[in-house]
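Encoded as structure tokens, the structure appears first; notes follow it.
2 protein chains.
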Amino acid sequence: MRQSEKGLLLIVSGPAGVGKGTVNAELIKRHPEIRMSVSATTRKPRPGEIDGIHYFFKTQAEFEQMISENAFLEYMHVFGMNYYGTPKQFVVNELNQGHHVILEIDVQGARKVKEVFPEAIRIFIAPPSMAALKERLVKRGTETPEAIETRTKTAFAEMRAMPECDYLVINDDLNEAIAQMEAIVAAEMCSVAHNETVINTFLGGIEEC
Amino acid sequence: MRQSEKGLLLIVSGPAGVGKGTVNAELIKRHPEIRMSVSATTRKPRPGEIDGIHYFFKTQAEFEQMISENAFLEYMHVFGMNYYGTPKQFVVNELNQGHHVILEIDVQGARKVKEVFPEAIRIFIAPPSMAALKERLVKRGTETPEAIETRTKTAFAEMRAMPECDYLVINDDLNEAIAQMEAIVAAEMCSVAHNETVINTFLGGIEEC
């Protein structure tokens, strides 16, 4: 008997500037069995963006139709303008094929996904320290002090969600962070919760004796 | 900031004949930071057994004194004759030094340890299949059918405890089983539960801003 071969849903959160995009990109490069979830949006494609790869590009009518069909794990309105959402079908298909799926979303989105997908695993990518985070937030661009303050507030709100996650990965060294992500995936594949079917087969085998 | 450096308490269970002793022995050989818990017992040392290495050898009076001092994580009477127990102090000292400690104990012992040490991680080592387990139980010695039946009953009782564990490791290939144990340790070191202090330091850093 082998452990369960269904994939894992990994929700990766963390403040802006913490390098979670780099960690995830490197992880999927090294592991073809790990996929990034593709979001749907009503915003127009930018040059070079491919439908189905970078986003599923939808009209507002199409997006609202999908909402009414309960086709999203989570969705939101950004600035009251464009819709962004995580199509459920894509995620479910990948998991059933034995692929792990990474959702890189914010705390609000993470909570919504956990409601409909309680077996999802929440990983928080943290900076090496609060000082390092503040430095990264300030250095990032040439914005106004107000823009920096808004970004800092959002980052701090993300940080406050650490205790509700399952795992904490501190992104001090990229390779170490990736090794920790790999260990989390390998361990979760062995979790009793993920192997209910395998365990029931064993228990059924005892009753037959 | 670094993740928590305190060690993990790993309770390893599984039926007789599943090779959990081999998995654990190989694991501690490869990882000096992982230690086997040393049990205390009132039985006499066998030739070659060293006090403090194989067991802590105690008189009945010493053992009962330790019981009255609440010095065991769990203990039991075997056949109403000898005492066996897990001294708490040894485990706590090793964990505080940042070592992981493996307790190789049965289901009853595992439950008692979980009561006093809820953060302990329960790992179940399972055979590749029920058929493989039955083969191993029968092949093991030259005992009477009655002895085999008793051992089989005990093994089945262990198997029924699978759902109450945290992880399932199927010992089909030794190296694969060890890799899974290594991943479980690495992942649990990143768990939010194990990093409460680190997280509180981050959260305190936000409040100071």
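So the sequence lines, in the order shown, correspond to chains G and B. Numbering (the working numbering) for the first sequence: 606 to 814. Numbering (the working numbering) for the second sequence: 606 to 814. Backbone N, C-alpha and C fix where the C-beta goes; we use that ideal spot for every residue, glycine too.
For residue i, which residues in the same chain have their Cβ closer than 7 Å to its Cβ, ignoring the five residues on either side in sequence?
{"i": "V743 (chain B)", "result": "I753"}
{"i": "R756 (chain G)", "result": "A621 and L742"}
{"i": "A798 (chain G)", "result": "E724"}
{"i": "T802 (chain B)", "result": "S609"}
{"i": "A630 (chain G)", "result": "none"}
{"i": "K693 (chain G)", "result": "A676, F677 and L678"}
{"i": "V696 (chain G)", "result": "L614, S642, L678 and V706"}
Is there a C-beta anywhere in chain B that falls below 8 Å from the one on residue i?
{"i": "A752 (chain G)", "result": "no"}
{"i": "F807 (chain G)", "result": "yes"}
{"i": "I633 (chain G)", "result": "no"}
{"i": "D771 (chain G)", "result": "yes"}
{"i": "F668 (chain G)", "result": "no"}
{"i": "G810 (chain G)", "result": "yes"}
{"i": "A731 (chain G)", "result": "yes"}
{"i": "N800 (chain G)", "result": "yes"}
{"i": "S618 (chain G)", "result": "no"}
{"i": "Q702 (chain G)", "result": "no"}
{"i": "P768 (chain G)", "result": "yes"}
{"i": "I639 (chain G)", "result": "no"}
{"i": "A791 (chain G)", "result": "yes"}
{"i": "I707 (chain G)", "result": "no"}
{"i": "I783 (chain G)", "result": "no"}
{"i": "Q608 (chain G)", "result": "yes"}
{"i": "V803 (chain G)", "result": "yes"}
{"i": "M671 (chain G)", "result": "no"}
Under 8 Å, Cβ to Cβ, is there at least one residue of chain G near residue i?
{"i": "Y660 (chain B)", "result": "no"}
{"i": "M764 (chain B)", "result": "yes"}
{"i": "N698 (chain B)", "result": "no"}
{"i": "V628 (chain B)", "result": "no"}
{"i": "A788 (chain B)", "result": "yes"}
{"i": "P723 (chain B)", "result": "no"}
{"i": "V712 (chain B)", "result": "no"}
{"i": "V797 (chain B)", "result": "yes"}
{"i": "V819 (chain B)", "result": "Residue 819 (chain B) is absent from the model: chain B starts at 606 and stops at 814."}
{"i": "V774 (chain B)", "result": "yes"}
{"i": "F761 (chain B)", "result": "yes"}
List the whole-angstrom C-beta distance separating residue i from residue j, where the pair is believed to meet the contact cut-off of C-beta under 8 Å.
{"i": "T749 (chain B)", "j": "A621 (chain B)", "result": "Actually they do not touch by this definition, with Cβ atoms about 16 Å apart."}
{"i": "I707 (chain B)", "j": "V774 (chain B)", "result": "The Cβ separation is near 13 Å, so there is no contact."}
{"i": "L779 (chain G)", "j": "V718 (chain G)", "result": "Not confirmed; about 26 Å, so no contact."}
{"i": "L632 (chain B)", "j": "M786 (chain B)", "result": "5 Å"}
{"i": "M764 (chain B)", "j": "I658 (chain G)", "result": "Contact flag wrong, Cβ pair sits at about 46 Å."}
{"i": "V643 (chain G)", "j": "F662 (chain G)", "result": "V643 (chain G) to F662 (chain G), Cβ: 11 Å. No contact."}
{"i": "V617 (chain G)", "j": "I728 (chain G)", "result": "5 Å"}
Near residue i, what residues of its chain come up, given a Cβ to Cβ distance below 6 Å and the 5 sequence neighbours on each side ignored?
{"i": "G612 (chain G)", "result": "L700, G703, H704 and H705"}
{"i": "Q665 (chain B)", "result": "T647"}
{"i": "A766 (chain B)", "result": "V712"}
{"i": "Y772 (chain G)", "result": "I728 and I789"}
{"i": "P650 (chain G)", "result": "F662"}
Can you name, in chain order, every residue of its own chain whose Cβ lies under 8 Å from the Cβ of residue i, other than the five neighbours on each side?
{"i": "M681 (chain B)", "result": "Y688, Y689, G690, Q713 and G714"}
{"i": "G626 (chain B)", "result": "E709"}
{"i": "P733 (chain B)", "result": "I775, N776 and D777"}
{"i": "R640 (chain B)", "result": "I633, E699, H704, H705, V706 and I707"}
{"i": "E638 (chain G)", "result": "G612, G703, H704 and H705"}
Using a Cβ cut-off of 8 Å (strictly closer), state whether residue i contacts chain D.
{"i": "R765 (chain B)", "result": "Protein chains G and B are contained in the structure displayed, whereas chain D is not."}
key: Uninterrupted alpha helix (DSSP H) stretches inside the segment 679–706 of chain G (no shorter than 4 residues)   = 693–701
inquiry  = Give the list of continuous alpha helix (DSSP H) stretches no shorter than 4 residues that lie fully inside the segment 763–802 of chain B.
reply    = 779–794
request  = Go through the segment 713–758 of chain G residue by residue and report every complete run of the beta strand (DSSP E) that reaches 3 residues or more, in order.
outcome  = 726–731
ask   = Of the residues that make up the segment 674–690 of chain G, which ones have a beta carbon closer than 8 Å to any beta carbon in chain B?
value = none
message = Extract the residue ranges of the beta strand (DSSP E) inside the segment 610–686 of chain G, only unbroken runs of 3 or more that lie entirely within it.
response = 614–618, 639–641 and 677–683
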